[in-house]
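Since the structure comes first, as structure tokens, the remarks are kept for the end.
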Ligand SMILES: [Zn+2]
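Residue numbers (this note's numbering): 18 to 449.
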């Protein structure tokens, strides 16, 4: 078996990345996520996938390969806390659910993962979808290029609620399949709530996602009705804690957001109809808000296009989507903790950084927006080895020409991407 180590080495090498050596990134400027300040020139030395030293100035470090980023701003790799790498919306989405297999979605996800990584997102939380736990494993094994993934697996819903997988099926099909239960992520009691979380554990999830209210894209009339009792949410949160999981709650309507917060979830996703009262409650309980302005704007835009959405979805997309950017503005003013997420998969994967621009438009300072995708996102994930460029942390570093603090549009021009010390993209590479 002399060949085995070589085969193993090839099998674990990222498909497109350069091999790790000691590297010195000579950054023109560096975003310090801890202080929110832009530092002048720094040289970041990378060894064995970790940050070795951060040195003042642009200097040559013996024994390292230098990379000239002198016209660039370096920042910690970004984290998008709300993506769905298993799919991407299109006018065909609703019929494809009937015609395609999970294998088809899995192949598509390979491209989505690569686009996400090359846009500067070295970590994501995938909030719902059967593909993500498997994609995570393939990325960790070096078979596919993509971000580090925290995967929810199947979202937990209630009957007829957002993420009931049989919504919109005709009666014949519904009766043939039978009502989905906790195994499929649909619960209607406290016991089933516990079972659904334990099933996600069995399937290898890293985080739990619930759909605390109705949603825009589901084949159902309401976009905002509450869909869990507080006790059901509490049972999910308590059971999740047994496995070291946090809970992310999709929520648009006020009552459902309130129940999710009272039930102890970690993040509120979208949060469209958050009131002052709810925001005060979130501050008191330490609940995070993940705005996903990108998804709101995307669906509001597509609602204008005839035939893009089914008739039952279109008015919801127009009404709810258009509000999220204003909600984000109000939430920032209220002092609710904000972390970065796009709900990408609604919009096109790889366009994630546009969320920063939308956040700044909503009155959030550029530095705060960048922190929400770095040091704050790491807090949400519960990890302390990423989100800052400091000695000992994971070498997740990206860079872009220009200065995103003075012109936020620079975020869409990332052309250097390193994850765990591996370089996936360098200035001068053709845009994939
Ligand atoms: Zn989502």
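Just so it is clear, CB atoms sit at the ideal spot from N, CA and C, and this is done for glycine as well. On a predicted model such as this, the values are computed, not experimentally measured, just so you know.
Can you name the start and end residues of the alpha helix (DSSP H) that residue 158 belongs to?
As a position in the chain shown, residue 158 is number 141, starting the count at 1. First-last for residue 158: undefined, no H or E at that position.
Would you say residue 167 and residue 422 are within 8 Å of each other, going by their C-beta atoms?
Working through the chain shown from its first residue, we reach residue 167 at position 150. Working through the chain shown from its first residue, we reach residue 422 at position 405. With a cutoff of 8 Å on beta-carbon distance, residue 167 and residue 422 are scored as not near each other.
First and last residue of the beta strand (DSSP E) that includes residue 72?
Position 55 of the chain shown, counted from the start, is the residue given in the question as residue 72. Its beta strand (DSSP E) spans residues 67–73.
Opening and closing residue of the beta strand (DSSP E) in which residue 99 lies:
Here residue 99 refers to the residue found at position 82 when the chain shown is read from its first residue. Boundaries of the beta strand (DSSP E) around residue 99: 95–100.
Considering only heavy atoms of ligand 1, does any lie closer than 7 Å to the CB of residue 101?
Taking the first residue of the chain shown as position 1, residue 101 is located at position 84. Proximity of the beta carbon of residue 101 to ligand 1 is indicated: a heavy atom of the ligand is located closer than 7 Å.
N- and C-terminal bounds of the beta strand (DSSP E) containing residue 45:
Numbered from its first residue, the chain shown carries residue 45 at position 28. 40–49 is the span of the beta strand (DSSP E), which, as asked, contains residue 45.
Whose CA, out of 282, 302, 269, lies closest to the CA of residue 292?
Within the chain shown, the letter at position 275 stands for residue 292. Minimum Cα distance to residue 292 is reached at 269.
By Cβ distance below 8 Å, which residues in the same chain neighbour residue 430 in space, the five residues on each side in sequence not counted?
Taking the first residue of the chain shown as position 1, residue 430 is located at position 413. Setting aside the 5 residues that flank it on each side, residue 430 is surrounded in the same chain by 417, 418, 419, each with a C-beta closer than 8 Å to its C-beta; the list follows chain order.
Kindly indicate which three-state DSSP category residue 61 falls into: helix, strand or coil?
By one-based count along the chain shown, residue 61 stands at place 44. Assigned with DSSP and collapsed to three states, residue 61 falls in strand.
Consult DSSP for residue 291 and reduce its assignment to one of helix, strand or coil.
The residue given as residue 291 occupies position 274 in the chain shown. In this structure, DSSP gives residue 291 a state outside helix and strand, which the three-state scheme calls coil.
In the DSSP output, what is residue 342 paired with across the bridge?
If you number the chain shown from 1, residue 342 lands on position 325. Residue 342 pairs with nothing; no bridge assigned.
Using beta carbons (cut-off 8 Å, strictly below), is residue 149 in contact with chain B?
Of the chains in the structure shown, none is chain B; there is only one protein chain.
Residue 56 Cβ short of 7 Å to ligand 1 heavy atom set:
In the chain shown, residue 56 corresponds to position 39, counting from 1. No, the beta carbon of residue 56 sits no closer than 7 Å to any heavy atom of ligand 1.
For residue 250 and residue 280, which I take to be in contact (beta-carbon distance under 8 Å), what is that distance rounded to the nearest angstrom?
Taking the chain shown and counting its residues from 1, the one referred to as residue 250 is at position 233. Taking the chain shown and counting its residues from 1, the one referred to as residue 280 is at position 263. Indeed, because the Cβ distance is near 3 Å, the residues count as touching under 8 Å.
Buried or exposed for residue 413, going by 16 or more other Cβ atoms inside 10 Å?
Within the chain shown, the letter at position 396 stands for residue 413. Per the 10 Å Cβ criterion, buried.
Just list the residues that DSSP pairs residue 141 with in beta bridges.
Walking along the chain shown from the start, residue 141 turns up at place 124. Answer by DSSP bridge pairing, in chain order: 97, 166.
Give the single residue among 47, 66, 395 whose Cα lies nearest to the Cα of residue 57.
Numbered from its first residue, the chain shown carries residue 57 at position 40. For residue 57, the closest of 47, 66, 395 by C-alpha to C-alpha distance is 47.
Segments assigned alpha helix (DSSP H), at least 4 residues, entirely inside the region 204–245:
You should have 207–220.
My output table needs one value for residue 399: the three-state DSSP class, helix, strand or coil.
For this step, residue 399 is matched to residue 382 along the chain shown. Of the three classes helix, strand and coil, the one that applies to residue 399 here is coil, per DSSP.
Use the C-beta contact count for residue 150: other C-beta atoms within 10 angstroms, 16 or more gives buried, fewer gives exposed.
For the purposes of this step, residue 150 is taken as residue 133 along the chain shown, with counting starting at 1. Its Cβ being crowded by 16 or more others within 10 Å, residue 150 is buried.
Mind checking whether the beta-carbon of residue 192 lies closer than 7 Å to any heavy atom of ligand 1?
Here residue 192 refers to the residue found at position 175 of the chain shown. Checking every heavy atom of ligand 1 against the Cβ of residue 192, none is found closer than 7 Å.
Entirely within the region 370–448 and at least 3 residues each: give me those beta strand (DSSP E) ranges in chain order.
Within the region 370–448, the complete beta strand (DSSP E) runs of at least 3 residues are 414–418, 433–436, 439–442.
Checking 8 Å against the spacing of the C-beta atoms, do residue 95 and residue 415 come in under that value?
For the purposes of this step, residue 95 is taken as the residue at position 78 of the chain shown. For the purposes of this step, residue 415 is taken as the residue at position 398 of the chain shown. Between residue 95 and residue 415, the gap from beta carbon to beta carbon is short of 8 Å.
Report whether the distance from the Cβ of residue 360 to the nearest heavy atom of ligand 1 is below 7 Å.
Position 343 of the chain shown, counted from the start, is the residue given in the question as residue 360. Because some heavy atom of ligand 1 lies under 7 Å away, the Cβ of residue 360 counts as near it: yes.
Grouping DSSP H, G and I as helix and E and B as strand, with all else coil, what is residue 117?
Mapped onto the chain shown, residue 117 falls at position 100. In the three-state reduction of the DSSP assignment, residue 117 falls in the coil class.
Of the choices 276, 130, 406, whose alpha-carbon is the least far from that of residue 51?
Within the chain shown, numbered from 1, the residue matching residue 51 stands at position 34. Considering only alpha carbons, the answer is 406.
Residue 436: which of 241, 267, 141, 107 sits nearest, CA to CA?
The residue you call residue 436 lines up with position 419 of the chain shown. Checking every option, the nearest Cα to that of residue 436 belongs to 141.
Tell me the rounded alpha-carbon separation between residue 327 and residue 349.
Counting from one through the chain shown, the residue named residue 327 turns up at place 310. Counting from one through the chain shown, the residue named residue 349 turns up at place 332. If you take the alpha carbons of residue 327 and residue 349, they lie about 33 Å apart.
Extent of the continuous beta strand (DSSP E) run through residue 267:
Indexing the chain shown from 1 puts residue 267 at position 250. Boundaries of the beta strand (DSSP E) harbouring residue 267: 264–268, taken from the DSSP string.
Residue 93 and residue 391 - do their beta-carbons sit closer together than 8 Å?
Numbered from its first residue, the chain shown carries residue 391 at position 374. Numbered from its first residue, the chain shown carries residue 93 at position 76. Taking 8 Å as the Cβ cut-off, residue 391 and residue 93 qualify as a contacting pair.
Please tell me whether, using a cut-off of 7 Å, the distance from the CB of residue 152 to the nearest non-hydrogen atom of ligand 1 is below it.
Along the chain shown, one-based indexing puts residue 152 at 135. No, the Cβ of residue 152 stays beyond 7 Å of every heavy atom of ligand 1.
Neighbour-count burial assignment, residue 442, 16 or more Cβ in a 10 Å radius:
To locate residue 442, count along the chain shown from 1; it is residue 425. Taking a 10 Å sphere around the C-beta of residue 442, we find 16 or more other C-beta atoms and assign the residue as buried.
Between residue 366 and ligand 1, is there a pair consisting of the residue's CB and a ligand heavy atom that are separated by less than 7 Å?
Here the question's residue 366 lines up with position 349 in the chain shown. Set against 7 Å, the gap from the CB of residue 366 to the closest heavy atom of ligand 1 is not smaller.
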